[in-house]
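Here is the structure we will look at, set down as structure tokens.
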Amino acid sequence: AARGLNRVLLLAKHPCGIGVDRSIECAARLLDERTDLTPTVIGAVIATCCTNKLAMDFEGSRVPEFCSLYKGQMRNPTLAFERTVDVMSRSTSWRTNSESLNNAVQTEQIRWSEDFEDALQALRVRRLAEIFGHAVQVRFAPRACTLQDRCLLASPVPLPTSDTADAEFVERIRAGVRALGGPLDCRPKGFKSAKFDFDYTGDMDAESDL
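First residue of the sequence shown: 5, per our numbering; consecutive thereafter.
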């Protein structure tokens, strides 16, 4: 509000594992705590990533936290729910591992991996629909570009129905890029990482690393 904004959109670019679900709950909290002096969150665009890190995060399993956020969608949430999410989460890595050198991943494993990830995403889509009114998952890029091609959209107004190709969504992205004159710069300004070899703490050239 101090910057004159009265509407904001939550944009999360490839948060890993539980980061997706924390982003969703952040949006819910911002809406719940809104006052006349704060902007309205009008929707969310969340490109999801590394679902396998629900079970295999650096700090340990995030499955209990994930299940605690979605237990309200279960008729009878039990330990079996956590065990199921754990297995499904781990197995989503088959899809990405299938592109590694000398991998032994079978075609059937890739199909299961896709189904498992869609099942976990369905919980997120329903939660976003509870928060904003409407939500959908779209696939926004071919496998040749990225294996992390799922994106969750949420809005108070109805969204286009998703399909395998999601051509309408892709065309809207292209139209937006044309209107803006170029792609959005989603680099994390102010962050620096020796591990991933980037430094965004100084002046950032708009053309570099995009």
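Yeah, the Cβ is synthetic: ideal placement off N, Cα and C, and Gly gets one too.
R66 is positioned such that its CB atom lies no closer than 8 Å to that of G137. Among the bridge pairs identified by DSSP, K17 is matched with A51. For S95, the secondary structure class from DSSP, reduced to helix, strand or coil, is helix. DSSP places S117 in the uninterrupted alpha helix (DSSP H) bounded by T111 to F136. The Cβ atoms of N56 and T111 do not sit closer than 8 Å to each other.
Taking 8 Å as the upper bound for CB-CB distance, C53 and Q152 are in contact here, some 5 Å apart.
Judged by beta-carbon spacing, L35 lies within the 8 Å limit of V45, meaning their Cβ atoms are closer than that value. When DSSP reads this structure, A139 sits in a beta bridge with A158.
With a threshold of 16 other beta carbon atoms within 10 Å, V181 falls short and is exposed. Around the Cβ of L58, a 10 Å sphere holds 16 or more other Cβ atoms; the residue is buried. S102 sits in coil when the DSSP states are folded into three classes, being neither helix nor strand.
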